[in-house]
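So the number in the numbering used here is just where the residue sits in the sequence shown, counting from 1, plus 52. Inspection log for the structure reproduced underneath, given as structure tokens.
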Amino acid sequence: MVWKITPASYFLTTLLYLLINSNGGGYAQTIVFGTPSLGFTQACASQGFNSYTLSFTFFPVSNLQAGNQFIIELSNSSGNFSSPTTLTTSTSTTSPVNVSFAMPTTVAGEAYRIRVRSTAPAVTSSNSVAFSAYYAIHNQPFSINNNVSTVSFCEGGNTTLQVDNTGTSASPLFYSGLSYKWFRNFAEVAGATGSSLTVTQSGNYYAIVDYGSCAMNSYSNIVTVNVTAGINLSISSAGNVDYICDGTPRLLTSSHQNTGYVYQWFKDNVAISGATGPTYNALQEGTYKLRITFGGCVFESNAIFLELIQLEADWNVDTTEVLIPGEQLQINSVNNATTPTYQWRKDNVVIAGATSANYTVTQPGTYQLSVTETQGCTISEQLTVVVQYPIGFTVTIQNSGDYQSCNVTTSTLSLNSIIAQTASGNVPVTLPNSNFTYQWLLNNAPIAGATGTTHTINNAIENGSYKLRVSIPTFTPIESNAVSIALQLPTPVISANGTLCGTNSVQLNSTVTSSVYTYKWYRNNALITGATQSSYTTNQPGNYHLIVSIGACSSTSNTLSLQQNSITATLNLPATSIIMPGETKTITVTTNAVNPTFEWFRNNAIISGQTSSSINVTQNGIYKVIVTQTTGCNATQEAVTELVYPDSFNITIAANVGYSPCESEQATLSITNFNAVSASETISVLNNSYGYVYEWFKDGELVLSSSTTTYNIASYLENGLYELRVSIPGFSSVISNVVEIKLGISDDFSLSSNGVLCESGGSVTLSSDITNPDYILTWFSIENNAEIGTGNSITVTEPGNYFMTIDYDGCTYSSNTIAVDIITTNGITLNIADAITIIQGGSREVIASGVDSYTWYLDNEIIATGNTFSVSQAGTYTIIGTIGDCEFTKTFTVTVVENTSIVVPNVITINSDGINDFWSIPNEYVNKEEVEVIIYSPKGKVVFRARNYQNNWPNSTLEYAKTEPVFYYTISENDEIIKRGSITVIE
């Protein structure tokens, strides 16, 4: 069965429900509002008017609670109260209530609503009817277009009307965010909402500030826009031609002529001064156009290009030309005439038949060419040239560019230029010229067959002065400048026919034998009188040479030595040379003797058994060889050389290139310089193989004696002063420089810290893992730039950056830098916020981090230790943590709220079918002493009250009116209501 609920019963039911659902226990009271009644249909507010009224009723008046306040609220422009605006308040205690209020200055819309809300009891009325509301922040007439009432522009153009900005509140532009409406001929212009409007049509325009359906006083003046119609302007030339004959103007005429027009003619887009009429006479070539100004509009015509027709003629000759006898001058002319005619003249006399553009000149004279244009413009142009023979000629010859007197074996002469001399200056003649003939001259005598423009000389016997003779028609032969040629002579080689032995003679012969040369023989650099032939016979020993000359050039022969019964003996060593102790040298003699024999001596004592041309020696001393010729003339010759030991030795040692003191972990010493020194020279014996003994010393003590020239130091334990001593036979020990080796220590070390610093104090102990007692350990503070202690560890109480140095064997090594900081944060970090909420009966695990130890407190009582704890009770929790001697505190708050997920039924069916016959609530509230259940009748009377509820209501004696089937309940825990609602009884 479904019960019908009447308005009266609904009101009572609602009233009772509101009473029970109010804060606190017992009976609740409420009121009911009537719909707010507006004292206006729209709100068009401004600074001059902003006062509006409304009234509302409420019932019953007796349920109004002390301190109640009625709050009148305004929706947004679409009628939504999600963020209402308070218009006014009232503390009236009687109904109806009448209030007045002002609209907010921000209202702008068509669907606002108003509602009333009371505070005691808390009830909200229904919404009022919708209404439009605008606040006209600007509400006075304003100007547009600078208050100018008329605007004109030309057809196809536009103009922009805009709200004038006066910079004061008189202009709506003073206020940001306003919208506008524009009107043309009193009809709204669609989409025009800005402060400016671009206009392309004539009409009457004005603007208003857009306040929706509210008609306010914010409107502009009316501006009348006029559009001037255009004209189709064109110009034309007289005869409709596109040219100007040189000197004759061409008339240009406008298609529109009106005394009201202002004319301006242009040439090449530049205004022509004074050209302000409907016509213009053009004299210059260019592009012409006309501009007419009328009614504020500017019109431009078409453009006409007029070409200036000028006759231009030119040719390939200058005003004066030189004609070489026997040659022709070809004159070719060009012009820009369309249909030209030509006439040639010589000395002002017409040349018969010469009527073409070109003419060939063969005689001197003054020549003229007349060119006439016969189509369109009739124009003539005349050209004149004077053609003349030269007065004379200058011929120049030159030698080849690489010619050097007496230093080259060939030379080529060539014709360089022929210059024609005229009254007006010199003119070069184009070469070659087939009308000329040529003849080369040597010492003014013609050279047979030399008739070209070049001549080559290949032999010094042709040395001399050369010219070129040129024969030119109608002129006498012309001779060039003279050029002297002196070629290099061949080098004579002299040789002897036979040898001097006894009293016989020897003939000396030269390879150069020409009779044109001059010969001079010399003996021992002295000129031999009368010896002027290419050969010479003598029986005198000596050194002979020959000089051959011609002109300024000469050539000297080789020197030939003639000796009486002599042979040569030459050693492979100089007169004195150095031999090293332990070194083996080979001495070798060369000779021209026939079937020679050899004897070797040291310090004038014969060396037994040494009879060959070479000998190996290992000692110093003076060595001599005697060479004897055994065939032909009996002759002997000796040669001597001295071998000496060095005066001294010097030696230098150094560490390998990559060695760095205090850093390298090993080093190699080696010889960098090893020199033998004498008065005349210094000889390197580095890397020698003479079998010397090398002794390495450290700090004066021998550490190695061998043939090894290097020494390896593998550890810093071998650091010291090193030197090398070399044992050389016959010499005292050669001692090197001293090299100090400082290898770096190989220990790996680092710093560590123990302890912490906090704002209240504390200390940190810094320590290293170094144990070597030979090391000197020193501690430093970077911030203080100072030494702070020594030893293996140090305790600091100030924050900063610290490091340690190790001093050993003159080297200093630095450790890593270790930073000591003060712990300045709260220290303890939680996985929750500082305030959390948990559902009744639930819990939340809290995890702390950031310190070493934790102690948990609730209401100043210790509840746990460790870094985690599960909270289920409401209250303020405190955690105290420590890091070393530093202590940190962290607090957080827990709020326990009702579990809204527990659902209490709101309907029972008492039809004895065994299903839903009793009000069964969740087990959380059943059979508990601390939970009290109270059930109210529809009229608010308590009909059931019990603790330890057993899900046993209602019993069979329940009485109620079927028209009032709704009961109400509260569930309290520890005397605090935690659930409330209604129960509908259905049979």
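Here a beta-carbon is modelled for each residue, glycine too, at the ideal position from N, C-alpha and C.
(request) Could you tell me the distance, in whole angstroms, from the CA atom of N1007 to the CA atom of V995? (result) Rounded to the nearest angstrom, the two C-alpha atoms are 11 Å apart.
(request) Can you tell me the Cβ-Cβ gap for Q615 and L552, rounded? I've got them flagged as a contact below 8 Å. (result) Right, their Cβ atoms sit about 7 Å apart.
(message) Can you tell me whether L304 is helix, strand or coil according to DSSP?
(response) Judged by DSSP in its simplified three-state form, L304 adopts strand.
(message) For the beta strand (DSSP E) containing L623, name the first residue and the last one.
(response) First-last of the beta strand (DSSP E) with L623: A621 to L623.
(message) At the level of alpha carbons, what is the spacing between I1035 and I1023?
(response) Roughly 13 Å separates the two Cα atoms.
(message) In this structure, how does DSSP classify A691 when only helix, strand and coil are distinguished?
(response) Here A691 sits in strand by DSSP.
(message) Taking only three categories from DSSP, how would you classify S833?
(response) Strand at S833.
(message) Suppose contacts are defined by Cβ-Cβ distances below 9 Å. Is L803 in contact with S867 by that definition?
(response) Judged by beta-carbon spacing, S867 lies within the 9 Å limit of L803, meaning their Cβ atoms are closer than that value.
(message) Helix, strand or coil for S114? Go by DSSP, reduced to three states.
(response) In the structure shown, S114 adopts helical secondary structure according to DSSP, grouped into three states.
(request) For L363, name the three-state secondary structure that DSSP assigns. (result) The three-state secondary structure of L363, taken from DSSP, is coil.
(request) Kindly indicate the opening and closing residues of the beta strand (DSSP E) around N668. (result) Taken as a continuous stretch (DSSP letters only), the beta strand (DSSP E) holding N668 covers S666 to V669.
(request) Identify whether E733 lies in helix, strand or coil by the three-state DSSP scheme. (result) Reduced to three states, the DSSP call for E733 is coil.
(message) Within a Cβ cutoff of 8 Å, which residues of the same chain sit near V275, ignoring the five residues on either side of it in sequence?
(response) For V275, the CB contacts under 8 Å within the same chain, skipping 5 residues up- and downstream, are I196, N197, V200, S201, T202, V203, L213, N256, Y257 and Y258 in chain order.
(request) Grab me the residues of F488's own chain with a C-beta within less than 7 Å of its C-beta, minus the 5 sequence neighbours each way, in chain order. (result) For F488, where only same-chain residues beyond five positions count, the Cβ hits under 7 Å are V522, S523 and I524.
(message) Using 8 Å as the cut-off, can you tell me whether the stretch 754-765 makes contact with the stretch 671-682, which would need three or more C-beta pairs spanning the two stretches below that distance?
(response) Per the Cβ contact rule, the stretch 754-765 is not in contact with the stretch 671-682 (fewer than 3 Cβ pairs under 8 Å).
(request) Tell me whether T693 is buried or exposed, calling it buried when 16 or more other Cβ atoms sit within 10 Å of its Cβ. (result) Burial call: buried.
(request) Can you have a look at Q592 and say buried or exposed, based on whether 16 or more other CB atoms are within 10 angstroms of its CB? (result) Burial call: exposed.
(message) Which of the three DSSP states is assigned to E939 in this structure?
(response) Strand.
(request) Between the Cα of L106 and those of S130, F133, S142 and Q892, spot the shortest distance and give me the residue it belongs to. (result) Of S130, F133, S142 and Q892, the smallest CA-CA separation from L106 is found for S142.
(request) Specify the secondary structure class of F92 as computed by DSSP and reduced to three states. (result) Here F92 sits in coil by DSSP.
(message) What does the Cβ neighbour count give for S270, buried or exposed, with the cut at 16 atoms within 10 Å?
(response) Taking all protein chains shown into account, S270 has 16 or more neighbouring C-beta atoms within 10 Å of its C-beta and is therefore buried.
(request) Using only alpha-carbon positions, find the residue among G933, S833, R236 and N647 that is nearest to T250. (result) Comparing Cα positions, the closest option is R236.
(request) For S664, count neighbouring C-beta atoms within 10 Å of its own C-beta (all shown protein chains included) and say buried if the count is 16 or more, exposed if not. (result) A residue is called buried when at least 16 other Cβ atoms come within 10 angstroms of its Cβ; S664 does not meet this threshold and is exposed.
(request) Count the other C-beta atoms from every protein chain shown that fall within 10 angstroms of the C-beta of L769, then say buried if there are 16 or more, exposed otherwise. (result) When all chains shown are included, L769 counts as exposed.
(message) Check this for me: beta carbons of S586 and T611, under 9 Å apart or not?
(response) No.
(message) Let me check you understand the geometry: is the CB of A97 closer than 8 Å to at least one non-hydrogen atom of the ligand FAD?
(response) Summarising the ligand content, the structure contains no ligands, and the ligand FAD is consequently not present.
(request) Report yes or no: do the stretch 156-164 and the stretch 119-133 share at least 3 C-beta pairs separated by less than 8 Å? (result) Verdict: yes, contact present.
(request) Could you tell me whether the stretch 533-540 touches the stretch 475-485, where touching means 3 or more Cβ pairs closer than 8 Å? (result) No, they do not touch.
(request) Look at the alpha carbon of N853 and the alpha carbon of N883, and state the distance between them as a whole number of angstroms. (result) Spanning the two alpha carbons is a distance of roughly 33 Å.
(request) Report yes if the C-beta distance between N644 and I678 is below 9 Å; otherwise report no. (result) Going by C-beta atoms, N644 is not nearer than 9 Å to I678.
(request) Could you check what DSSP says for E839 in three-state terms: helix, strand or coil? (result) Secondary structure at E839: strand, using DSSP grouped into helix, strand and coil.
(message) Give me, in chain order, the residues of the same chain whose beta-carbon lies closer than 6 Å to that of G554; leave out the 5 immediate sequence neighbours on both sides.
(response) Bear in mind that the predicted position of G554 carries a pLDDT of just 48, short of 50, making it too unreliable to give a figure here.
(request) State the start and end residues of the unbroken beta strand (DSSP E) segment that holds R999. (result) Annotation: the continuous beta strand (DSSP E) that includes R999 extends over V994 to R999.
(request) Would you decide whether P224 is buried or exposed? Buried here means 16 or more other CB atoms lie within 10 Å of its CB. (result) By the 10 Å Cβ count, P224 comes out buried.
(request) Compare the Cα-Cα distances from G807 to each of A267, S819, P529 and R1032 and report the closest residue. (result) If we check each option's Cα against that of G807, S819 comes out closest.
(request) Let me know the secondary structure DSSP gives I1023 once reduced to three states. (result) In the three-state reduction of the DSSP assignment, I1023 falls in the strand class.
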